[in-house]
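J.: Protein chains in written order, with our numbering: chain A, 493 to 904; chain B, 9 to 227. Have a look at this one.
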């Protein structure tokens, strides 16, 4: 929105409108493609280190930086195969369905919040988010669930038993794990009183003691359940039953090769980034550093730097730093997922279902109840109830009432 | 070009996509392809809702219809299909019947929609850009579904009770869904009677007993 307003002054309106739509899209597509490029390299390196190897060392210097690029060229030059019995339309459409779902989820993912000093203060810079929705979290959850459809289509249309098995496992797994995942996501929603990811993130400003993960014992446990469910929902080891190369060759993508196969991989890495960043936003302070760096640099309105270079410039700088912070946190989450992948053995399908139905779901549900009781008994405290809630963090308890009292609090 | 005309382009795109894929659902013979077209149709409808600023309805459409129902549908097809690609071809008299019912429904809906005042007189000029109110969040809907209406609280002074919530229709819908589920389970039951217990099971059980130790977990 702010981009549109800025460009309106320079360009004809229709061009400004078009640019302000395509700019976030291009940035997010860059994040997804570039992220996959970096993460595949990182995956190789992490795997190698876990297995006491060096990993790629030659392509592009000592650390094998360009290994993924070489992989990409290899994939491009591969023959594009389709099994004779396959349903051509579905076979071709499946990778795009997967990738579209992974990409669309990023549209509502904020990378920085409003840099406001006090509750109700006017926002100086708009948050970096493709489309801020007041049901942002719900949107991300709904769209991430659609990725399974690409996998199911791929498995069904491949005319291969391995693929069909993989797809059926995937469908069963994702549909089951959406239940505990939903319970985990409700916990920060209840804390913030909003499904708007920007509001949830801004609630945790100040320092690590304000983060949701340390809010109370129940949220602390919820984080672990969220980690397990998120790993399962993006289909990563130890929950990668849909691929399970030791049992099913390669599961749903057995029959895929070349570029189509790489689309599935891009979708997987894209949704890994999404759940990583989502976890950072919901539980680990979002775009706020563990210690109040922005405050120390005098970036909020009224700070020393702000009084020199101006509030708006500082707010923009604050947002850029926030975006870097949340991406680093998301990257750390992804590294943990890789570490887990190369450390733990794959579960059996019945163990996957047991983990979901017997452990994750009851645990997440009781953590939600516990958190609500904690909030009722000890309202307005953070850090396991040790500290009072920082007044600078916006909290929307009853949005329709709050908004009428301070219309600027939730202005888009 | 006036920027306020712009919402027209995405709207036309999504509406065309929704209609075209809806027609494709009807014309296709393959169940899974139908499901793909259905997904495109429902997702573009969700996109139309999002375009209109009804975020919650749009996302719920994605969550329940696209993410839940259609995935379950495809899952069911994969579990129950006898052959690889089931072709569903309707007999001519079934087609005629379906066309009759669908045409009647279309007439009814079209008649109902055109009776809404103001829709008839939509001007072709630029419309006001939709600017959602900041207080439009999902919370009032959620509370209203539970029976509390924050937008019209009870007026104690005038002795008026608050407006009725949506708890009753919501619960009725759930019961309706339950009935539909029971009915579909009844329709999808095994039509042929399985031969009652006896030699078949007795013959099968030694084999499973032999298989059990070898197929058990090796770890």
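Glycine included, C-beta positions come from ideal geometry on N, C-alpha and C.
Could you tell me which residues DSSP puts in a beta bridge with residue 879 (chain A)?
T.: Here the question's residue 879 (chain A) lines up with position 387 in the first chain. A:874, per the DSSP bridge assignment.
J.: So what does DSSP say about residue 492 (chain A), is it helix, strand or coil?
T.: Absent from the model: residue 492 (chain A). The displayed extent of chain A is 493 to 904, so no value can be given.
J.: Less than 8 Å between the beta carbons of residue 672 (chain A) and residue 704 (chain A), yes or no?
T.: As a first step, residue 672 (chain A) must be located in the first chain, where it is residue number 180. As a first step, residue 704 (chain A) must be located in the first chain, where it is residue number 212. Contact flag unset, no.
J.: Could you check whether residue 639 (chain A) and residue 744 (chain A) sit closer than 8 Å to each other, using their CB atoms as the reference points?
T.: For the purposes of this step, residue 744 (chain A) is taken as the residue at position 252 of the first chain. For the purposes of this step, residue 639 (chain A) is taken as the residue at position 147 of the first chain. Contact: no.
J.: Please list, in chain order, the chain C residues whose beta carbon lies closer than 8 Å to that of residue 859 (chain A).
T.: In the structure shown, chain C cannot be found, because the protein chains are A and B.
J.: Roughly how far, in whole angstroms, is the beta-carbon of residue 595 (chain A) from the beta-carbon of residue 762 (chain A), given that I think they are within contact range, below 8 Å?
T.: Locating residue 595 (chain A) in the first chain gives position 103, where the first residue counts as 1. Locating residue 762 (chain A) in the first chain gives position 270, where the first residue counts as 1. Indeed they touch by this definition, with Cβ atoms about 6 Å apart.
J.: List the residues of chain A whose Cβ lies closer than 7 Å to the Cβ of residue 34 (chain B), in chain order.
T.: As a first step, residue 34 (chain B) is located in the second chain; it is residue number 26 there, counting from the start. Chain A residues near residue 34 (chain B): none, gap ~17 Å exceeds 7 Å.
J.: Output, in sequence order along the chain, the residues in the segment 55-68 of chain B whose CB is closer than 7 Å to any CB in chain A.
T.: If the cut-off is 7 Å between Cβ atoms, the segment 55-68 of chain B has 63, 64 and 67 near chain A.
J.: Taking the straight line between their C-alpha atoms, what separation do you get for residue 78 (chain B) and residue 43 (chain B)?
T.: For the purposes of this step, residue 78 (chain B) is taken as the residue at position 70 of the second chain. For the purposes of this step, residue 43 (chain B) is taken as the residue at position 35 of the second chain. Whole-angstrom Cα-Cα distance: 7 Å.
J.: Using the Cα positions of residue 766 (chain A) and residue 529 (chain A), report the straight-line distance between them to the nearest angstrom.
T.: Numbered from 1 along the first chain, position 274 holds the residue referred to as residue 766 (chain A). Numbered from 1 along the first chain, position 37 holds the residue referred to as residue 529 (chain A). Spanning the two alpha carbons is a distance of roughly 15 Å.
J.: With DSSP as the reference, please indicate the residues paired to residue 95 (chain B) in a beta bridge.
T.: For this step, residue 95 (chain B) is matched to residue 87 along the second chain. In the DSSP output, where bridge partners are listed per residue, residue 95 (chain B) has B:38.
J.: Among residues of its own chain, excluding the 5 on either side of residue 742 (chain A), which ones have a beta-carbon nearer than 7 Å to its beta-carbon?
T.: Numbered from 1 along the first chain, position 250 holds the residue referred to as residue 742 (chain A). Result list for residue 742 (chain A): 735, in chain order.
J.: In terms of residue numbering, what span does the alpha helix (DSSP H) encompassing residue 752 (chain A) cover?
T.: In the first chain, residue 752 (chain A) corresponds to position 260, counting from 1. Looking at the DSSP string, the run of the alpha helix (DSSP H) that includes residue 752 (chain A) is 750-775.
J.: What residue from A:706, A:779, A:576 and A:507 has the CA that sits closest to residue 873 (chain A)'s CA?
T.: Against the first chain, residue 873 (chain A) aligns to sequence position 381. Of the listed residues, the one whose Cα sits closest to residue 873 (chain A) is A:706.
J.: Name the chain A residues that come within less than 9 Å of residue 79 (chain B), Cβ to Cβ?
T.: On the second chain, position 71 is the one that residue 79 (chain B) refers to. Here the neighbours are 637, 638, 640, 641, 644, 663, 666 and 667.
J.: Could one say the Cβ of residue 19 (chain B) lies closer than 8 Å to chain A's Cβ atoms, at least one of them?
T.: Position 11 of the second chain holds residue 19 (chain B). Cβ-Cβ to chain A under 8 Å: no for residue 19 (chain B).
J.: What did DSSP end up calling residue 168 (chain B) once you bin it into helix, strand or coil?
T.: Walking along the second chain from the start, residue 168 (chain B) turns up at place 160. DSSP places residue 168 (chain B) in strand when its eight states are reduced to three.
J.: How would you list, in chain order, the residues of chain B whose beta-carbon sits under 7 Å from the beta-carbon of residue 718 (chain A)?
T.: Position 226 of the first chain holds residue 718 (chain A). Neighbours of residue 718 (chain A) on chain B: none; closest Cβ ~18 Å, over 7 Å.
J.: In three-state DSSP terms, what is residue 623 (chain A)?
T.: By 1-based counting over the first chain, the position of residue 623 (chain A) is 131. Note: residue 623 (chain A) maps to coil in three-state DSSP.
J.: Taking the alpha helix (DSSP H) that residue 695 (chain A) belongs to, which residues open and close that run?
T.: Position 203 of the first chain, counted from the start, is the residue given in the question as residue 695 (chain A). Here residue 695 (chain A) belongs to no alpha helix (DSSP H), and DSSP marks it neither H nor E.
J.: Take every Cβ of the segment 568-585 of chain A, pair it with every Cβ of the segment 746-759 of chain A, and state whether three or more of those distances are shorter than 8 Å.
T.: Output reads yes: the segment 746-759 of chain A touches the segment 568-585 of chain A.
J.: Should residue 585 (chain A) be flagged as near chain B, meaning a C-beta pair shorter than 8 Å?
T.: Start at 1 with the first residue of the first chain, and residue 585 (chain A) comes out as number 93. Yes, residue 585 (chain A) counts as interfacial toward chain B.
J.: Figure out for me which residue from B:58, B:160 and B:52 has the closest Cα to the Cα of residue 25 (chain B).
T.: Mapped onto the second chain, residue 25 (chain B) falls at position 17. Ranking the options by Cα distance to residue 25 (chain B), first place goes to B:52.
J.: Are residue 561 (chain A) and residue 689 (chain A) closer than 8 Å when you measure CB to CB?
T.: Indexing the first chain from 1 puts residue 561 (chain A) at position 69. Indexing the first chain from 1 puts residue 689 (chain A) at position 197. Contact: no.
J.: What residue from A:653, A:728, A:567 and A:770 has the CA that sits closest to residue 818 (chain A)'s CA?
T.: Within the first chain, residue 818 (chain A) is the residue found at index 326, counting from 1. Per the Cα distances, A:770.
J.: Rounded to whole angstroms, what's the CA-CA distance from residue 189 (chain B) to residue 65 (chain B)? Just pull it up for me.
T.: Here residue 189 (chain B) refers to the residue found at position 181 when the second chain is read from its first residue. Here residue 65 (chain B) refers to the residue found at position 57 when the second chain is read from its first residue. Rounded to whole angstroms, residue 189 (chain B) to residue 65 (chain B) spans 23 Å at the Cα level.
J.: Using beta carbons (cut-off 8 Å, strictly below), is residue 74 (chain B) in contact with chain A?
T.: Stepping through the second chain from its first residue, residue 74 (chain B) is reached at position 66. Interface residue, yes.
J.: Mind checking whether residue 599 (chain A) and residue 624 (chain A) have CB atoms under 8 Å apart?
T.: Working through the first chain from its first residue, we reach residue 599 (chain A) at position 107. Working through the first chain from its first residue, we reach residue 624 (chain A) at position 132. Taking 8 Å as the Cβ cut-off, residue 599 (chain A) and residue 624 (chain A) do not qualify as a contacting pair.
J.: Closest to residue 107 (chain B) by CA distance: which of B:193, B:34, B:195 and B:19 is it?
T.: Position 99 of the second chain holds residue 107 (chain B). The candidate whose alpha carbon is nearest that of residue 107 (chain B) is B:34.
J.: Whose Cβ in chain A lies nearer than 9 Å to the Cβ of residue 40 (chain B)?
T.: Position 32 of the second chain holds residue 40 (chain B). Neighbours of residue 40 (chain B) on chain A, chain order: 579, 582, 644, 645, 648 and 649.
J.: Measure from the alpha carbon of residue 531 (chain A) to the alpha carbon of each residue in A:865, A:871, A:836 and A:825, then state which is nearest.
T.: Along the first chain, read from residue 1 onward, the residue named residue 531 (chain A) stands at position 39. The candidate whose alpha carbon is nearest that of residue 531 (chain A) is A:825.
J.: Within 10 angstroms of its Cβ, does residue 694 (chain A) collect 16 or more other Cβ (buried), or is it exposed?
T.: As a working mapping, residue 694 (chain A) is identified with position 202 in the first chain. Counting Cβ neighbours within 10 Å, residue 694 (chain A) comes out buried, since at least 16 surround it.
J.: Could you tell me which of A:810, A:852, A:729 and A:868 sits nearest to residue 836 (chain A), measuring between CA atoms?
T.: The residue you call residue 836 (chain A) lines up with position 344 of the first chain. Among A:810, A:852, A:729 and A:868, the Cα nearest to that of residue 836 (chain A) is on A:729.
J.: Which whole-angstrom value describes the C-beta separation of residue 866 (chain A) and residue 740 (chain A), a residue pair presumed to lie in contact below a C-beta threshold of 8 Å?
T.: Residue numbering aside, residue 866 (chain A) sits at position 374 when the first chain is read from its first letter. Residue numbering aside, residue 740 (chain A) sits at position 248 when the first chain is read from its first letter. Their Cβ separation, rounded to whole angstroms, is 44 Å, which puts residue 866 (chain A) and residue 740 (chain A) out of contact at 8 Å.
J.: Who are the near neighbours of residue 45 (chain B) in its chain, counting only those whose CB is closer than 8 Å to its CB and skipping five residues on each side?
T.: If you number the second chain from 1, residue 45 (chain B) lands on position 37. Excluding sequence neighbours, residue 45 (chain B) sits near 29, 30, 32, 33 and 36.
J.: Quick one: using the 10 Å Cβ neighbour count with 16 as the cut-off for buried, is residue 804 (chain A) buried or exposed?
T.: For this step, residue 804 (chain A) is matched to residue 312 along the first chain. So residue 804 (chain A) counts as exposed.
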